[in-house]
Amino acid sequence: MKSSSPARESEIGQLLLDWHQDHPRPLPWKGKGPYETLLSEIILQQTRVEQGLPYYQRFVTLFPTINDLAKASEDEVLHAWQGLGYYSRARNLHRIARTIVEDLDGAFPQTYEAWLSLKGIGPYTAAAISSFAFGEPKAVLDGNVYRVLSRLFTPNADFFSSGGRKVYQELAQKLLPTDQAASFNQAIMNFGAMQCTPKQPDCDNCLLKMHCQAYQRSVVPMYPPAKQTILKRHRYFHYLVPVDQSGMTWIEQRTGNDIWQQLYQFPLVETLSSVHSADIQKLFLNKFQLVDWNTENTSKIYKQILSHQVIHACFHLLNGLDLPQHTGFERVKIKNLPNFAFPKVVHCYLMDYSIYLNAIHQ
DNA sequence: AATACGGGGGC
DNA sequence: GCCCCAGTATT
Numbered sequence: 001m002k003s004s005s006p007a008r009e010s011e012i013g014q015l016l017l018d019w020h021q022d023h024p025r026p027l028p029w030k031g032k033g034p035y036e037t038l039l040s041e042i043i044l045q046q047t048r049v050e051q052g053l054p055y056y057q058r059f060v061t062l063f064p065t066i067n068d069l070a071k072a073s074e075d076e077v078l079h080a081w082q083g084l085g086y087y088s089r090a091r092n093l094h095r096i097a098r099t100i101v102e103d104l105d106g107a108f109p110q111t112y113e114a115w116l117s118l119k120g121i122g123p124y125t126a127a128a129i130s131s132f133a134f135g136e137p138k139a140v141l142d143g144n145v146y147r148v149l150s151r152l153f154t155p156n157a158d159f160f161s162s163g164g165r166k167v168y169q170e171l172a173q174k175l176l177p178t179d180q181a182a183s184f185n186q187a188i189m190n191f192g193a194m195q196c197t198p199k200q201p202d203c204d205n206c207l208l209k210m211h212c213q214a215y216q217r218s219v220v221p222m223y224p225p226a227k228q229t230i231l232k233r234h235r236y237f238h239y240l241v242p243v244d245q246s247g248m249t250w251i252e253q254r255t256g257n258d259i260w261q262q263l264y265q266f267p268l269v270e271t272l273s274s275v276h277s278a279d280i281q282k283l284f285l286n287k288f289q290l291v292d293w294n295t296e297n298t299s300k301i302y303k304q305i306l307s308h309q310v311i312h313a314c315f316h317l318l319n320g321l322d323l324p325q326h327t328g329f330e331r332v333k334i335k336n337l338p339n340f341a342f343p344k345v346v347h348c349y350l351m352d353y354s355i356y357l358n359a360i361h362q
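According to this note's numbering, the first sequence is numbered sequentially starting from 1.
Here it is in structure tokens:
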């Protein structure tokens, strides 16, 4: 670790606070109560301010207080969330509101640990809410803070591992003046968003350049280090949805040391490169050599599906069926399959004894 | 440690 | 069109 001293750390902390004073970013949830803080922080998880803003406005209009949010049905909350993505955030937010109103008598948690114990609140959000709304001296560590710290101190630690993240958390904590936690957390995040930007940061006009290790060594573009990318290969999943005259289909259970262990799926052949339809058919005939089926019919039924999202949807469907717990093909009544839609990627229609899978794009 | 969740933005 | 994004829960 590069040399650093408490005096230097507090100087950097003060400079960030000064910068924040000179570069205010007024947002509607600033300086409001814990409810508005909670709303904004959940909405802003993985979401840009510009995208989240209209949703924040919608929520404070529809649900002005935490009591209104707790009283609302989950359906109403999800509807207000529509289009924002990561919908479990909405469910968690709703549950948190009910917990606070019903279990905590309307008293908001105040400490970092208390917030952290709620589902949907992780280390970042717990630090953000407890510091913004209650002055808890806990440093936030989000993507902006990570970038700023990385350039300032160029620590030899991998942010994307649990141990490395701890190094960054401690760096941030050391900079935080305990009596100005809220302002400091705002300051360092805004500094990352506005000054110490991912691309083309304005280093010439940066009031931290004297303290910035990356700048001093002229290696700012090298920081923060990119997440080491594990070599990704394409996997092509070809599903077959066979249906016989009696309205039965086949499914299989995944085995082996791979994703989705033990989960059920439509019969699958996997290839490492894309394959023409005729060749896929041969692969399936090979796989099903013991099964007597009508090639002419089935050839029209299978579809080549490349997205793993489809697999995910498949096991949701198939898990709902009561199946024997052993490996191999199972016969299932096609008419017993529930009427379902693959979320976002594929719609499934049941027509006569055939299933058609259609890729759709939203 | 790896994976899923979901939109929008950038190349 | 494809790749990326960095918070949280789950496995």
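From the three backbone atoms N, C-alpha and C, an ideal C-beta is built for every residue, glycine too. All figures in this text were calculated on a predicted structure; none of them were measured in a lab.
Bounding residues of the alpha helix (DSSP H) (the contiguous stretch that carries residue i)
i, result
"Glu50", "49-62"
"Ser183", "181-190"
"Ser365", "No answer is possible for residue 365: it lies beyond the span of the chain, which begins at 1 and ends at 362."
"Ile100", "From DSSP, Ile100 is part of no alpha helix (DSSP H); its letter is neither H nor E."
"Trp19", "6-22"
"Pro123", "123-134"
"Pro34", "34-43"
"Tyr215", "213-216"
"Gly143", "143-153"
"Asn67", "66-71"
"Tyr112", "112-116"
"Phe157", "In the sequence under discussion, the amino acid at residue 157 is Ala, which differs from the Phe named in the question. That residue, Ala157, is in no alpha helix (DSSP H); it is neither H nor E in DSSP."
"Ala80", "74-81"
CA nearest to the CA of residue i, picked from the options
i, options, result
"Ser40", "Ser88, Asn67, Gln14, Leu93", "Leu93"
"Ser183", "Lys30, Gln57, Arg8", "Lys30"
"Ala70", "Glu102, Arg151, Thr47", "Glu102"
"Gln200", "Tyr223, Gln82, Tyr35", "Tyr223"
"Leu97", "Arg151, Leu84, Pro34", "Contrary to the premise, residue 97 reads as Ala rather than Leu in this sequence. Of Arg151, Leu84, Pro34, the residue nearest in Cα terms is Pro34."
"Met189", "Ser5, Ser4, Pro24", "Pro24"
"Ala226", "Ala157, Gln186, Glu170", "Ala157"
"Arg95", "Asp68, Thr111, Leu84", "Asp68"
"Thr99", "Leu15, Lys119, Leu149", "Lys119"
"Arg48", "Thr65, Phe63, Leu27", "Leu27"
"Ser5", "Leu175, Arg58, Ser88", "Leu175"
"Pro366", "Ala80, Asp204, Pro221, Ser162", "Missing from the structure shown is residue 366; the chain here goes from 1 to 362 and no further."
"Ala107", "Glu270, Thr65, Thr61", "Thr65"
"Gln186", "Cys206, Arg151, Leu208, Leu141", "Leu141"
"Leu149", "Asp179, Gly52, Val60, Lys209", "Lys209"
"Glu50", "Cys212, Glu270, Leu268, Ala193", "Ala193"
"Leu44", "Leu17, Arg89, Lys32", "Arg89"
"Leu17", "Gln57, Val269, Pro177", "Pro177"
Cβ separation of residue i and residue j, assumed to be a contact under 8 Å, to the nearest whole Å
i, j, result
"Ala181", "Ser131", "4 Å"
"Ala127", "Ala114", "Incorrect: roughly 12 Å between the Cβ atoms, too far for contact."
"Trp19", "Phe191", "6 Å"
"Arg147", "Cys203", "At roughly 13 Å, the Cβ-Cβ gap does not stay under 8 Å, so Arg147 and Cys203 are not in contact."
"Ile42", "Thr125", "7 Å"
"Leu207", "Leu62", "Contact flag wrong, Cβ pair sits at about 42 Å."
"Tyr220", "Arg151", "It should be pointed out that residue 220 corresponds to Val in this sequence rather than to Tyr. Going by Cβ atoms, the distance from Val220 to Arg151 rounds to 6 Å, so yes, they are a contact pair."
Buried versus exposed call for residue i [16 or more other C-beta atoms within 10 Å across all chains shown]
i, result
"Phe160", "exposed"
"Gln46", "exposed"
"Pro155", "buried"
"Thr37", "buried"
"Asp22", "exposed"
"Ala172", "buried"
"Tyr86", "exposed"
"Asp352", "Note that Asp352 scores a pLDDT of 28, beneath 50, so its modelled location is shaky; the value from the coordinates is reported in the next line. Asp352 is exposed by the Cβ-count criterion."
"Pro324", "For Pro324, the predicted structure reports a pLDDT of 33, less than 50, and the residue's modelled location is therefore unreliable. The matter cannot be settled from this model."
"Gly13", "buried"
"Ala313", "In this predicted model, Ala313 has a pLDDT of only 31, less than 50, meaning its place in the structure is not dependable enough to derive any value."
"Ala133", "buried"
"Glu136", "buried"
"Ser162", "exposed"
"Asn205", "exposed"
"Pro198", "exposed"
"Gly122", "exposed"
"Leu104", "exposed"
"Gly83", "exposed"
So does the stretch 205-219 actually touch the stretch 159-177, counting three or more Cβ pairs closer than 8 Å?
no
Between the stretch 72-87 and the stretch 3-16, do three or more beta carbon pairs fall short of 8 Å?
no
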